[in-house]
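So the sequence lines, in the order shown, correspond to chains F and W.
Residue numbers for the first sequence follow full-length UniProt numbering, so the first one is 1 and each next one is one higher.
Residue numbers for the second sequence follow full-length UniProt numbering, so the first one is 1 and each next one is one higher.
Yeah, the Cβ is synthetic: ideal placement off N, Cα and C, and Gly gets one too.
First comes the structure, then the notes that go with it.
Protein chains: 2
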Amino acid sequence: MARFVTVSDPADPRLADYVRLRDVNLRKSLEAEHGLFIAEGEKVIRRAVGTGYPARSFLMAERWVEPLADVLERTDAPVYVADDATVEAIAGFPVHRGALASMRRLPLPAVADLLTGARRVLVLEDLVDHANVGSIFRCAAALGVDAVVLSPRCADPLYRRSVKVSMGAVFAIPYARMTSWRDGLAELRAAGFTLLALTPDQSAVPLDKALSAAARHRADRVALMLGSEGDGLSSRWLDEADQPVCIPMSPAAMDNGVDSLNVVAAAAIACHALMR
Amino acid sequence: MARFVTVSDPADPRLADYVRLRDVNLRKSLEAEHGLFIAEGEKVIRRAVGTGYPARSFLMAERWVEPLADVLERTDAPVYVADDATVEAIAGFPVHRGALASMRRLPLPAVADLLTGARRVLVLEDLVDHANVGSIFRCAAALGVDAVVLSPRCADPLYRRSVKVSMGAVFAIPYARMTSWRDGLAELRAAGFTLLALTPDQSAVPLDKALSAAARHRADRVALMLGSEGDGLSSRWLDEADQPVCIPMSPAAMDNGVDSLNVVAAAAIACHALMR
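Following this line, the structure appears as structure tokens:
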């Protein structure tokens, strides 16, 4: 059973996990240092707890205690109860969903362990935008991709906004982070994955065609690589891939200056094609 | 050749087109009343002008006059030049892209005219979020969908945020707005379109299968219907469709509570399938 503690001082040191939730730089270092992440809203908190992440503490308006009673019953973590103004003063913005939890991160698997048994994986290189990472995890989970491998600098799936945008799907799909960008793809290759690199370059093989060919050659392990929002995949990774692949664009649209999809739309199409 | 006018008073009535750009309710009524929309940033302004929308005026920081010189040379509209603080005071936020244009809307075609010659169309019912509408137009344009039909209440593709998120793709694909929600689908049916209604309901026919069947039956005009962010398609429209169709989800993900895609991911997959 949780301990309930009413709080009203935004500077209370017990609430340090929740400060300035929109200050990306502060949050990145604070969350890394303490090995925590923030779950926001009843649904996401439920999923985080249900996945097995241990709670460090909760912070919520009184009205959320009842709807979350079954979750709070089974935790030893303190539950800080505050009015909306106090929560806003701590978090730095009005928390519409009214309930926050500070969760302890769990160690990520090594890439080699993650790949054991996986047949279809996504590899994300250096995505910057947390919302994009969250959306891509949601697509990958919903469509049945087995796992996601992140480059060393790719944005964090457990950052509050990633978790929120993914609707908790970041908890539903296993992932790992490479320790080396330079050698990262070697592990995928060693595990027998065919590496397909998604590029807007229309001279590349269409994705569907490459996947059919892979199926014909009984390549039963396929990794689809997606690059960052602005520049796409690095030339090093493009060169290292087995094949660059593209999503065919309408020639008329390209004449009109519409020559690419955003990374989430591309990922959705790619995951769907991968799992057909 | 444009007339250049230096301005510094945020209350200058000549700048009324640009006030409080983030105030959705104000902007909706102001833009409807004056038949205008706002293009933001050099690239989007170029596309709007290139598409043939007439400019009412421009508002920009001095540094944008040179990069846009070729556009401004060919317009009779006034170009208001102001420092960043003045632009921010008018717009209500710091306009990072530094250049704005107020464009005159052009009359939309009637749905029946839009459909002449179109073979693959999207139909959007009551989407609320302007960013989603912009993203969906970008997918539809890039992948070669012929046209988009909007329900009477669907969010406006020419709202500033839709235009921005679409990277100007809203100018690259023709669209029309139904005058009646109740009778709107009848026009599509009269034009010989097979109506496929996208639903998360996994008992519906998979989208790819329905499209293959349509191809076998030589149904050469297909309309794909997408519903609003929260509730999906209305039951009336679902009932009226020829067939409900779904994007198959991973059963494991559904057990984990990941039971749907967001509307942009679904639209991307649907447009790609439609154009294969």
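{"query": "Per-residue burial, F4(F) [other beta carbons within 10 Å of its own, 16 or more giving buried]", "result": "exposed"}
{"query": "Contacting residues, own chain, Cβ-Cβ under 7 Å from M225(F) (five flanking each side not counted)", "result": "V123, E125, L195, L196, A197, L198, L233, W237, A241"}
{"query": "Local Cβ density within 10 Å of K28(W), reported as buried at 16 or more and exposed below that", "result": "exposed"}
{"query": "Cβ-based contacts, 9 Å cut-off: residues of the region 259–270 of chain W near chain F", "result": "D259, S260, L261, N262, V264, A265, A266, A267, A268, I269"}
{"query": "Counterpart residues of V149(W) in DSSP-defined beta bridges", "result": "V123(W), A176(W)"}
{"query": "Residue(s) in a DSSP beta bridge with residue 280(W)", "result": "Any answer about residue 280(W) is impossible in this case: the structure gives chain W only from 1 up to 276."}
{"query": "H272(F) at chain W interface by Cβ criterion, 8 Å", "result": "yes"}
{"query": "C-beta neighbour in chain F for M103(W), strict 8 Å", "result": "no"}
{"query": "Interface flag, C139(W) vs chain F, CB-CB below 8 Å", "result": "yes"}
{"query": "Any C-beta of chain F under 8 Å from that of R22(W)", "result": "no"}
{"query": "CB contact below 8 Å: A142(W) versus chain F", "result": "yes"}
{"query": "Exposure of L106(F), with buried meaning 16 or more beta-carbon neighbours within 10 Å", "result": "exposed"}
{"query": "Assigned exposure category for H130(F) - 16 Cβ within 10 Å defines buried", "result": "buried"}
{"query": "Other residues of its chain near I247(W): CB distance less than 7 Å, five sequence neighbours each side excluded", "result": "L207, L261, A266, I269"}
{"query": "Where V5(F) falls: helix, strand or coil (DSSP)", "result": "strand"}
{"query": "Given 8 Å, three or more beta-carbon pairs between the region 211–227 of chain W and the region 159–167 of chain W", "result": "no"}
{"query": "DSSP beta-bridge partners of F58(F)", "result": "V79(F), A101(F)"}
{"query": "S57(W) versus C139(W), R14(W), A191(W), residue with shortest Cα-Cα distance", "result": "R14(W)"}
{"query": "Chain F contact residues for G117(W), given Cβ-Cβ distances below 9 Å", "result": "Simply none; closest approach about 13 Å."}
{"query": "Extent of the continuous beta strand (DSSP E) run through E40(W)", "result": "36–40"}
{"query": "Chain F within 8 Å of N132(W), Cβ atoms only", "result": "no"}
{"query": "Cutoff 7 Å; reference V111(F); Cβ partners in own chain excluding five residues on either side", "result": "V149, A176, M178, E187"}
{"query": "Spatial distance of D12(F) from A172(F) (CA atoms)", "result": "34 Å"}
{"query": "CB contact flag (R160(W), L36(W), <8 Å)", "result": "no"}
{"query": "Residues sharing a beta bridge with residue 282(F), DSSP", "result": "This structure gives no information on residue 282(F), because the portion of chain F shown stretches from 1 to 276."}
{"query": "Residues within the region 165–178 of chain F neighbouring chain W, beta-carbon criterion of under 9 Å", "result": "V165, S166, M167, G168, A169, F171, A172, I173"}
{"query": "Beta-carbon contacts of T51(F) that lie in its chain and below 7 Å, excluding the five residues immediately before and after", "result": "F171"}
{"query": "Neighbour flag for R63(F) against chain W, beta carbons, 8 Å", "result": "no"}
{"query": "Listed by chain order, chain W residues near A253(F) by CB distance under 7 Å", "result": "A141, A142, G144, A172"}
{"query": "Residue-level contact to chain F via CB, S228(W), 8 Å cutoff", "result": "no"}
{"query": "Supposed contact pair E40(W) and R97(W) - C-beta distance, whole angstroms, cut 8 Å", "result": "5 Å"}
{"query": "Reference V222(F); option with closest CA among C139(F), V121(F), P152(F)", "result": "V121(F)"}
{"query": "Paired residues, beta bridge with S228(W) - DSSP", "result": "G232(W)"}
{"query": "Contacts that R47(F) makes with chain W (C-beta to C-beta distance below 7 Å)", "result": "G257"}
{"query": "R27(F), DSSP secondary structure in three states", "result": "helix"}
{"query": "Between the CA atoms of A273(F) and H217(F) - distance to the nearest angstrom", "result": "17 Å"}
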